[in-house]
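S.K.:
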Amino acid sequence: MTRSLRQSMAWIHSWLGLLAGWILFAMFLTGTASYFRPEITRWMQPEMPVNHTPAAIAAQSAVAQLSRDGIRDQQWFIQLPNERDVVTHVYATPKPDAAEAKDKKPGKRRKRADEQVLAPATGAPIHARDTRGGEHFYRFHFQLQLPHPWGRWLAGVCAMFMLGAIISGVVTHKRIFADFFTLRWNKGQRSWLDAHNVSAVLALPYHAVITYTGLMTLVLMYLPYPIAINYKQPLDFGREAYGLPQDAVATGRATPLVPIAPLVRDAEARLQRPAARVVVQQPGDAAAIVAVTGAAQSSLNARAGTVVYSGATGALIQPPSGAGTGVSSVGVMLGLHLAQYAAPALRWVLFLLGLTGAAMVGTGLLLWTAARRKPGAKPFFGLRLVERLNIATIAGLPIGMGAYLLANRVIPAAAEGRAAAEVATMFYVWGGAAVLQLLRPAKQAWAILFATGAAVYAAIPIANALTTSRGLTASWRAGDQLFMSFDLALLGIAALLGVAAWRAARPRPAQVSRRAREMVHV
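Here is the structure:
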């Protein structure tokens, strides 16, 4: 029998969503958490002080500290503080020895030293607990904890599936505007279908934009051939497209570095935005150069300009140049995806929209099993497999993410390798929940895992109050909005998971109607 276009799109929508659904759910949930990446890192390092130091002073203090540590470095990379990230991050690349210099291949990445965290005002090292903070959620959402480049390739394939599912879902929907206003409660599977439709239609522009821009952020990785054909080395493309300076070649003539603060102020005036980072090549040499890059927080375009100065004289070498149309377009797409420009209120709106994406994928996976479960019939293997994967992902992943945060407070602050231990805790707990839920019937497993998640998130503010001086009550009295908001958000998540556990333990409602089955593309 010949299928109509809508029927064909329904089949595509159903299977694209199923095959990539579990990975997409994890990408949406961890990516949504990444909207507060700096704030999560600050919460996970309660030793960090409050900072109000200008970027120019922070840069000068960092250079002074790096000069004391060793002027023979080949390059200094200084990430300046801002209102969300309150410390200075520095990386020093040591000069290669004779053997390394001989084996150096063009375009090969330099070996980078470990990160140092400095106090912006003084440049003194800050000794805070070792953690990956919010960076872990950010990296996981597009690398999936797999070796480079396989995680990014898998994330790209799933994003393509998501884009196809969005387009086919729009074609399939007969009542897309009516579904925007339809959400019936306590109607069994019909309610889940309404939840899927509402979460998809309500934030449809967001879902389309976030998926497409996510693909564009890695487009040079997925389509490398134009660059490979036209440039001998990828770095040459970067210099031409993004205005990166040529690598400085040391002359061997020792020359003191000029004060950095005036250069940063001049660059901010030329860029008309705050400075975000400073790169110093060949410090202490007559050929030293200083590159100052603007912050992305003040613009929709995440690709800010760069101003280059002579490190020996302070003379301007390269003024900020306007990027081409293609580079500017990709910069705007990256800015839309990362939302670094967003003020706190808008960031919360984007956070809620991201949760609707996770809800859309999760309810779609639940509907796939609901539409294929027949009363009185024994579930076939595929149905049981999908159902267990749904439980492990939808109910198990939040437990793992909560365990990651809880481990930050439970593992001693001075423990060796604690950052890796926190990450391992997330995956061990998630994997343990996925395995243990197999020991109980599916309905009980849903309730148990949701209840476990509620307990984990409720325990985090308690552990925070017991192990730090920045608990909820203390933060309230001190006016510490970050820690107070974080604890309240965790308690809100615990309450939400508690309600989910209560509803999962209730008797199962009547089966979905025939019309609802047709709507989920059986």
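In the numbering used here, the protein residues as written are 37 to 558.
Every residue gets a Cβ at the ideal spot worked out from N, C-alpha and C, and that includes glycine.
Just so we're clear, the structure is a prediction, and the values are computed from it rather than from any experiment.
In the DSSP assignment, find the alpha helix (DSSP H) that holds S521 and state where it starts and stops.
M.R.: By one-based count along the sequence shown, residue 521 stands at place 485. 517 to 541 is the span of the alpha helix (DSSP H), which, as asked, contains S521.
S.K.: Per DSSP, which residues does Q115 bridge with? Please list them.
M.R.: For the purposes of this step, residue 115 is taken as the residue at position 79 of the sequence shown. Answer is H125, R313.
S.K.: Taking V465 as the reference, give the member of P477, A449, L442 with the closest Cα.
M.R.: The count along the sequence shown starts at 1 and reaches residue 465 at position 429. Cα-wise, what sits closest to V465 is L442.
S.K.: Between the alpha carbons of Q179 and L532, how many angstroms are there, rounded?
M.R.: Taking the first residue of the sequence shown as 1, we reach residue 179 at position 143. Taking the first residue of the sequence shown as 1, we reach residue 532 at position 496. Cα to Cα, the separation comes out at about 28 Å.
S.K.: Using a threshold of 8 Å, state whether the C-beta atoms of M198 and T247 are closer than that.
M.R.: In the sequence shown, residue 198 corresponds to position 162, counting from 1. In the sequence shown, residue 247 corresponds to position 211, counting from 1. Cβ distance < 8 Å, so M198 and T247 count as in contact.
S.K.: What residues in its chain sit with their C-beta under 7 Å from that of V446, if we drop five residues either side in the sequence?
M.R.: Against the sequence shown, residue 446 aligns to sequence position 410. Closer than 7 Å at Cβ, skipping near neighbours: A499.
S.K.: Of the choices W112, P355, G418, A491, whose alpha-carbon is the least far from that of G528?
M.R.: Here residue 528 is taken as the residue at index 492 of the sequence shown, counted from 1. Out of W112, P355, G418, A491, A491 has the C-alpha closest to the C-alpha of G528.
S.K.: Please report the Cβ distance between A331 and V344, rounded to the nearest whole angstrom; I am assuming they are in contact, meaning their Cβ atoms lie under 8 Å.
M.R.: Mapped onto the sequence shown, residue 331 falls at position 295. Mapped onto the sequence shown, residue 344 falls at position 308. No, A331 and V344 are not in contact; Cβ-Cβ is about 17 Å, not under 8 Å.
S.K.: What are the start and end residues of the alpha helix (DSSP H) that includes L336?
M.R.: Here residue 336 is taken as the residue at index 300 of the sequence shown, counted from 1. It is not in any alpha helix (DSSP H) - L336 carries neither H nor E in the DSSP assignment.
S.K.: Answer with buried or exposed for R542, where buried requires no fewer than 16 other C-beta atoms within 10 angstroms of its C-beta.
M.R.: Residue mapping note: residue 542 aligns to position 506 of the sequence shown, counting from 1. That one is exposed.
S.K.: Whole angstroms is fine: what's the gap from L472's alpha carbon to A407's?
M.R.: As a first step, residue 472 must be located in the sequence shown, where it is residue number 436. As a first step, residue 407 must be located in the sequence shown, where it is residue number 371. If I take the Cα positions, the gap works out to 26 Å.
S.K.: Give the secondary structure of I325 by DSSP, where H, G and I count as helix, E and B as strand, and everything else as coil.
M.R.: Position 289 of the sequence shown holds residue 325. Residue state, collapsed to three classes: strand.
S.K.: Tell me the DSSP secondary structure of L154 in three-state form.
M.R.: Here the question's residue 154 lines up with position 118 in the sequence shown. Looking at L154 - three-state DSSP - the assignment turns out to be strand.
S.K.: Which full runs of the alpha helix (DSSP H) of 4+ residues lie inside the segment 237 to 317, going along the chain?
M.R.: For the segment 237 to 317, whole alpha helix (DSSP H) runs of length 4 or above, ordered along the chain, are 240 to 253, 255 to 258, 261 to 266, 270 to 278, 296 to 307.
S.K.: For the alpha helix (DSSP H) that L442 lies in, which residues bound it at each end?
M.R.: Position 406 of the sequence shown, counted from the first residue, corresponds to residue 442. It spans 432 to 446 - the alpha helix (DSSP H) in which L442 sits, taken as one unbroken run.
S.K.: Can you grab the Cα-Cα spacing for the pair G170 / R289, in whole Å?
M.R.: The residue given as residue 170 occupies position 134 in the sequence shown. The residue given as residue 289 occupies position 253 in the sequence shown. About 43 Å.
S.K.: Bridge partners of G330, per DSSP?
M.R.: In the sequence shown, residue 330 corresponds to position 294, counting from 1. BP columns for G330 point to A311.
S.K.: Please report the distance separating the alpha-carbon of A540 from that of K479.
M.R.: Here residue 540 refers to the residue found at position 504 when the sequence shown is read from its first residue. Here residue 479 refers to the residue found at position 443 when the sequence shown is read from its first residue. If you take the alpha carbons of A540 and K479, they lie about 7 Å apart.
S.K.: I'd like to know if the segment 360 to 367 and the segment 333 to 340 are in contact, where contact means that at least 3 CB-CB pairs between them fall below 8 Å.
M.R.: The answer is yes - the segment 333 to 340 touches the segment 360 to 367, with three or more Cβ pairs under 8 Å.
S.K.: Please classify V86: does DSSP put it in a helix, a strand, or coil?
M.R.: For this step, residue 86 is matched to residue 50 along the sequence shown. Looking at V86 - three-state DSSP - the assignment turns out to be coil, as it is neither helix nor strand.
S.K.: How many angstroms separate the CA atom of K144 from the CA atom of S346?
M.R.: Locating residue 144 in the sequence shown gives position 108, counting from the first residue. Locating residue 346 in the sequence shown gives position 310, counting from the first residue. With a pLDDT of 49 at K144, under the threshold of 50, the modelled position of this residue cannot be trusted; read the value that follows with caution. For K144 and S346, the distance between alpha carbons rounds to 25 Å.
S.K.: On a Cα-Cα basis, can you pick out the residue from T66, I484, M396 that is closest to H172?
M.R.: Sequence index remark: in the sequence shown, residue 172 carries index 136 (1-based). Here the closest residue by C-alpha is T66.
S.K.: What does DSSP give as the partner residues of Q354 in its beta bridges?
M.R.: Indexing the sequence shown from 1 puts residue 354 at position 318. Q354 is bridged to V344.
S.K.: Given this structure, state the Cα-to-Cα distance separating R108 from A449, to the nearest angstrom.
M.R.: Within the sequence shown, residue 108 is the residue found at index 72, counting from 1. Within the sequence shown, residue 449 is the residue found at index 413, counting from 1. Near 33 Å, if we compare the C-alpha coordinates of A449 and R108.
S.K.: Per DSSP, P185 is paired with what?
M.R.: In the sequence shown, counting from the first residue as 1, residue 185 sits at position 149. The partner list for P185 (beta bridge, DSSP) is empty, contrary to what the question assumes.
S.K.: Skipping 5 residues on each side, what residues in its chain have a beta carbon closer than 7 Å to that of N426?
M.R.: Taking the sequence shown and counting its residues from 1, one reaches residue 426 at position 390. Counting only Cβ-Cβ distances below 7 Å, and skipping sequence neighbours, we find L401, L402, T405.
S.K.: Below 8 Å CB to CB, which residues in the same chain sit around T509 once its five sequence neighbours on both sides are set aside?
M.R.: On the sequence shown, residue 509 is found 473 positions in, with the first residue counted as 1. Result list for T509: A501, in chain order.
S.K.: State whether the segment 151 to 168 contacts the segment 95 to 106, with contact taken as three or more CB pairs (one from each stretch) at a distance under 8 Å.
M.R.: Yes, the segment 151 to 168 touches the segment 95 to 106.
S.K.: Whose CA, out of A439, G468, A470, F522, lies closest to the CA of A457?
M.R.: Locating residue 457 in the sequence shown gives position 421, where the first residue counts as 1. Checking every option, the nearest Cα to that of A457 belongs to A439.
S.K.: Keeping to the same chain, check which residues put their C-beta closer than 8 Å to that of S44; ignore five residues upstream and five downstream.
M.R.: As a first step, residue 44 must be located in the sequence shown, where it is residue number 8. Nothing listed; no residue qualifies.
S.K.: Let me confirm a value: I93 is counted as buried when at least 16 other C-beta atoms fall within 10 Å, else exposed. Which label applies?
M.R.: Taking the sequence shown and counting its residues from 1, the one referred to as residue 93 is at position 57. Buried, by the Cβ-count rule.
S.K.: Measure the Cβ-Cβ separation of G390 and T77 and say whether it is below 8 Å.
M.R.: In the sequence shown, residue 390 corresponds to position 354, counting from 1. In the sequence shown, residue 77 corresponds to position 41, counting from 1. Against a cut-off of 8 Å, the Cβ pair of T77 and G390 comes out as no contact.
S.K.: Once you ignore the five residues that flank A536 on each side, which residues in its own chain have a CB closer than 6 Å to its CB?
M.R.: On the sequence shown, residue 536 is found 500 positions in, with the first residue counted as 1. Result list for A536: F486, in chain order.
S.K.: By the DSSP assignment, the alpha helix (DSSP H) with P161 in it spans what residues?
M.R.: Within the sequence shown, residue 161 is the residue found at index 125, counting from 1. Taken as a continuous stretch (DSSP letters only), P161 belongs to no alpha helix (DSSP H), as it is neither H nor E.
S.K.: In this structure, how does DSSP classify L74 when only helix, strand and coil are distinguished?
M.R.: Mapped onto the sequence shown, residue 74 falls at position 38. The sequence shown places Pro at residue 74, not Leu. Helix.
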